[in-house]
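Enquirer: Line order of the protein sequences matches chains A and B.
The first sequence begins at 1 in UniProt numbering and counts up by one.
The second sequence begins at 1 in UniProt numbering and counts up by one.
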Amino acid sequence: MSAITVRDLSKTFAYYRKQSGLRHSLRNLFHREQLYRHAVANISFDIGQGEAVGFIGPNGAGKTTTLKMLSGILHPSAGEARVLGYVPWERRREFKRRFAIVMGQKSQLWWDLPANESIYLNKCIYGIDEREYRMTLDELAEMLDVKHLLGVQVRRLSLGERMKMEIIAALIHRPKLLFLDEPTLGLDFAAQQNVRQFLKAYKEEKQATILLTSHYMRDIEHVCGRALVIHGGQIAYDGKLSRMSESFGRRKRMKVRFAAFIPPEELHELVRLLAVVRTHDGLTAELEVSADEVKPLARLLIDHDLVEDWTVEEVPVEEVIERLYKAKFGNEGEGDDGEAPGTRQRHAQEG
Amino acid sequence: MSTGLLAKCRAALDRGTDYVRLYGVFVKNCLSAGMEYRFNFWMGIAVEIAFLCAKALYILIVYQTDLHIGKLTPDHILLFIGTYTMMTGLYMGLFYVNFIRLQQYIRDGTLDLLMTKPVSLQFLVSLRYVDIGLPVPNVVAGAMMIAVGWHRSGLPLNGNIAGFAALLLAALAVTYGIMLLPALLAFRFVQTGAVTEIAHSIWDANNMPLDIFPQWLQRIGVYIIPVFLISNYAPKFVLNELAMGDIIWAVAAPVLLFVLVRWCWKRAVRSYSSAGS
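1) Between PHE45(A), LEU121(A), THR213(A), which lies nearest to PRO58(A) when the distance is taken from Cα to Cα?
2) Quick check for students: name the residue ranges of the alpha helix (DSSP H) that lie wholly in the region 97-153 of chain A, counting only runs of 4 or more.
3) Which residue from VAL255(B), LEU181(B), PHE213(B) puts its Cα closest to that of HIS200(B)?
4) So is ALA11(B) in contact with chain A if we call contact Cβ pairs under 8 Å?
5) For GLY282(A) and chain B, any beta-carbon pair shorter than 8 Å?
6) When the cut-off is 8 Å and only beta carbons count, does ARG267(B) lie next to chain A?
7) Anything in chain B within Cβ reach of ASP112(A), meaning under 7 Å, just list it in chain order.
8) Is PRO156(B) close to chain A? Criterion is C-beta to C-beta, closer than 8 Å.
9) Would a C-beta distance cut-off of 8 Å place VAL125(B) and ASN158(B) closer than the cut-off?
10) Taking Cβ to Cβ, would you say PHE41(B) is nearer than 8 Å to MET35(B)?
11) For TYR129(B), which residues from the same chain have a beta carbon less than 8 Å from its beta carbon, with the 5 sequence-adjacent residues on both sides left out?
12) Pull up the DSSP beta-bridge partners for GLU288(A), would you.
13) Quick one: what's got a C-beta closer than 6 Å to ILE69(B)'s C-beta in the same chain, skipping five residues either side?
14) Could you spell out the range, first to last residue, of the beta strand (DSSP E) harbouring ILE230(A)?
15) Have a look at GLY48(A) and THR83(B) and give me their C-alpha separation to the nearest angstrom.
16) To the nearest angstrom, how far is it from the Cα of residue 352(A) to the Cα of ARG17(A)?
17) Please tell me whether ARG226(A) and LYS240(A) are closer than 8 Å, where the distance is taken between their beta carbons.
18) Hey, is the region 104-116 of chain A in contact with the region 107-114 of chain B, meaning 3+ C-beta pairs nearer than 8 Å?
19) Could you tell me which chain A residues have their CB closer than 9 Å to the CB of VAL97(B), listed as they occur along the chain?
20) Return the residue from the list GLU80(A), GLU117(A), GLU265(A) that minimises the CA-CA distance to SER32(B).
21) Could you check how far apart the C-beta atoms of ALA291(A) and ARG250(A) are, in whole angstroms? I think they sit under 8 Å.
22) Could you name the residues of the same chain whose beta carbon sits closer than 6 Å to that of VAL136(B), not counting the 5 residues immediately before and after it, in chain order?
23) Please go through the region 194-234 of chain B and give each complete beta strand (DSSP E) segment of 3 or more residues, from N-terminal end onward.
24) If the cut-off is 7 Å on Cβ atoms, which residues from the region 103-134 of chain B count as contacting chain A, listed in chain order?
25) Quick one: using the 10 Å Cβ neighbour count with 16 as the cut-off for buried, is TYR15(A) buried or exposed?
26) Name, please, each residue of chain B whose Cβ falls closer than 9 Å to the Cβ of ARG37(A).
27) Using the Cα positions of PRO114(A) and ASN207(B), report the straight-line distance between them to the nearest angstrom.
28) Taking all protein chains shown into account, do 16 or more other C-beta atoms lie within 10 angstroms of the C-beta of PHE198(A), making it buried, or fewer, making it exposed?
29) Could you tell me the alpha carbon to alpha carbon distance between ALA81(A) and ILE161(B), rounded to whole angstroms?
30) Rounding to the nearest angstrom, what Cα-Cα distance links VAL269(B) and PHE258(B) in this structure?
31) Between residue 278(B) and VAL261(B), what straight-line distance do the alpha-carbon atoms span, to the nearest angstrom?
32) Kindly indicate which three-state DSSP category GLY142(B) falls into: helix, strand or coil?
33) Since I believe ILE167(A) is in contact with VAL102(A) (beta carbons under 8 Å), could you give me their beta-carbon distance rounded to a whole number of angstroms?
34) Taking the alpha-carbon positions, what's the THR73(B) to TYR63(B) distance?
35) Residues of chain A with CB closer than 9 Å to the CB of LEU22(B), please, in chain order.
36) For CYS9(B), count the other beta carbons within 10 Å of its own beta carbon; 16 or more makes it buried, fewer makes it exposed. Which is it?
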């Protein structure tokens with residue numbers, strides 16, 4: 001059974017552009033050229049009950065806009081969606097009781113009060129029974145290891161501690177559906193790991209449905225089994241995360257600094273069977289290589305006594321997404337002016 | 001049929017009780033948050049006491065100038081000014097602190113999280129904060145002026161007080177509606193400081209009895225933008241200057257205004273486009 005059903009959902013925002021300078025500000029006072037941005041364009045997908053889905057995409061791809069529509073914050077421009085059987089933007093009270101949204105960049109805690117006061121306020125808002133509230137608070141605080149910090153003023157907490165409190169405040173009514181928008185943004189490695197583990201445990205324990213956006217692939221790999229890749233407001237990939245990783249995650253980038261100048265044709269000839277030369281300026285080069293071929297390539301370069309230093313990195317997620325997008329849509333979505341695909345300029349009357 | 005109606009009434013009453021309880025938590029949180037900063041808290045009280053003394057000078061001014069407006073003596077005028085002062089305090093402490101935040105909620109997207117809560121968004125946004133210190137000098141000074149004016153005018157202490165209090169409550173509801181409406185423009189224009197200034201200027205028209213204005217302006221202020229209901233109707237009631245039609249209007253206006261505000265609120269929220277993140 002689907003917890004979330006989305007059909008041809010679109011959202012278009014109106015905005016205007018202003019060039020810098022007082023002269024343009026003055027002109028802007030009297031005339032503004034209205035532009036439209038198609039933040040989300042006809043996306044469709046289903047998410048089953050208890051499923052955890054990673055929503056992946058570069059900045060401005062439409063992830064947060066989709067999350068906001070599914071949580072009822074925004075009305076769509078077109079399309080349909082059902083979340084737990086409700087139309088989200090009708091904002092029914094019963095619907096709001098059944099989900100939670102956590103936004104890494106937005107806070108629901110009272111800055112000047114200890115976190116437990118804000119959590120208690122949510123208890124009153126959700127009408128939670130006192131005993132159940134105590135039990136849930138204890139359980140969540142223990143899982144996130146912040147029990148001793150509940151009485152500390154929020155502004156005195158570290159970013160990681162604050163995010164954990166945000167999560168407790170959001171989950172105090174034990175929702176079965178979680179929208180998580182960059183919940184680990186800005187956290188250090190340990191805090192990220194802690195939040196990740198918590199989300200996984202919560203999902204397994206409560207059979208919760210999760211839609212998670214994150215810039216950190218590790219968050220998604222740890223919590224989710226399925227990936228939805230969005231780019232330019234369109235779904236570029238919808239499938240198992242493992243399949244996506246197989247396609248792209250097993251490619252590595254080797255950045256090499258040579259001990260001496262090496263001509264391009266010589267380097268190409270040398271690594272031809274193992275790697276692709278992405279960039280080369282004689283003294284440094286960036287090679288793309290399959291994960292299995294990293295060792296042979298390293299051995300080859302050492303054997304020829306060419307290397308002074310090197311690093312091996314993952315292919316950046318943004319690039320993986322770009323490739324997925326191109327594989328699906330070709331180059332048709334690219335804007336001429338370098339804007340995000342899906343941005344079209346129109347005059348107001350056309351809108 | 002009657003059982004269904006009874007159940008509905010009970011549900012509405014329960015919901016009303018829940019909202020009152022929630023408002024109590026808001027007040028408690030605001031008070032606690034204020035007390036977190038001890039220096040500011042005590043300084044705030046000291047400043048408010050100083051303001052209270054300044055407000056008391058109003059009484060002297062009214063009597064020294066021996067101001068008469070039509071049949072209204074300085075004692076009567078003090079009753080009007082006292083009501084205005086008290087309502088200003090209540091507006092500042094209960095509503096203004098929330099309405100002024102609306103544009104910030106919209107600009108930085110704070111409204112997003114509030115929207116997902118299973119309580120009325122209008123309630124959450126328009127009543128979430130209470131400034132305890134801000135209204136104290138106005139409310140106390142206003143109450144003092146009302147008491148002095150009442151006593152010196154020789155008005156009886158009978159059912160009039162209940163009527164006066166009921167009309168003050170109606171005035172509070174009118175204040176909520178009238179002052180929230182311009183704030184709603186923030187959904188469309190984000191920055192609405194200029195409109196708020198206009199609303200406050202109109203509000204200040206209340207600091208004298210409406211009798212000082214020409215008839216056409218009085219009609220606008222009573223029936224179109226019912227701002228004169230805020231500080232004129234309660235004193236006029238105890239001075240026996242309200243006809244039955246006026247009293248009915250004093251009861252109907254807040255209800256109509258609230259319906260209008262709800263309609264505008266729903267339309268405004270529908271067009272909310274959030275902030276980028």
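Ideal Cβ placement from N, Cα and C applies to all residues, glycine included.
Only a predicted model underlies this, so the values are computations on that prediction, with no experimental measurement involved.
Expert: Walking through what the data contain:
1) THR213(A)
2) 115-126, 130-143
3) LEU181(B)
4) no
5) no
6) no
7) ALA33, GLU36
8) no
9) no
10) yes
11) PHE26, CYS30, VAL97, ASN98, ARG101
12) ARG253(A), VAL276(A)
13) PRO209, ASP211, ILE212
14) 226-231
15) 60 Å
16) Only positions 1 to 351 of chain A appear in the structure, and residue 352(A) is not among them; the question remains open.
17) yes
18) yes
19) By Cβ distance, chain A contributes nothing, its closest Cβ being about 14 Å from VAL97(B), past 9 Å.
20) GLU117(A)
21) 4 Å
22) GLU48
23) none
24) GLY109, THR110, ASP112, LEU113, MET115, THR116, LYS117, PRO118, VAL119
25) exposed
26) None at all; the shortest Cβ gap to chain B is about 10 Å.
27) 41 Å
28) buried
29) 55 Å
30) 16 Å
31) Not covered by the structure: residue 278(B). The range shown for chain B is 1 to 277.
32) helix
33) 6 Å
34) 10 Å
35) LEU121, CYS124, ILE125
36) exposed
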